[in-house]
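1025 is the number that our numbering gives the last residue of the sequence shown; the numbers go up by one with no jumps. Backbone N, C-alpha and C define an ideal beta-carbon position, used for all residues, glycine too.
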Amino acid sequence: MNPEIFDSEMQLATSMRNQSVDAPYWAGYRHGLLRARFGRSFSTNTDHFAWLEFPDSDDPVIASLGRGYIDGINTVVTGSPDMHKRHSS
């Protein structure tokens, strides 16, 4: 993913995290973007694998964080800046 698209996705995630009803999803999305872009220099593997389990949580807030995290990672890995759109549908 080129730096301009990454920056645009970060701005979207930050804005939505601050003003969206589903702020946990967007916080997770932002965290996933950062983890995918910077890897272990951003977070440990232990943290990463814990976040990957979040979507299975019975707590809806934690599950939303996890879904956002995975979408953020997939956005960077695939280079497709619209992974979050499946969340909206």
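By alpha-carbon positions, which one of the options ends up nearest to residue i?
| i | options | result |
| --- | --- | --- |
| Arg971 | Ala986, Asp958, Val957 | Ala986 |
| Val1013 | Leu969, Ala949, Ser1000, Met946 | Leu969 |
| Gly964 | Lys1021, Ala999, Pro1017, Asp1018 | Ala999 |
| Leu1001 | Glu940, Met937, Ile941, Arg953 | Arg953 |
| Pro996 | Asp958, Glu940, His1020, Ala949 | Asp958 |
Count the other CB atoms, across all protein chains shown, that sit within 10 Å of the CB of residue i; report buried if there are 16 or more and exposed otherwise.
| i | result |
| --- | --- |
| Asp1007 | buried |
| Gly1015 | exposed |
| Phe974 | exposed |
| Thr980 | exposed |
| Thr1011 | buried |
| Arg966 | buried |
| Pro960 | buried |
| Arg976 | exposed |
| Glu936 | Within the shown structure, residues of the chain are numbered from 937 to 1025, placing residue 936 beyond reach of any answer. |
>> Restricting to runs no shorter than 4 residues, where is the alpha helix (DSSP H) found entirely within the region 946-975?
In response: 959-974
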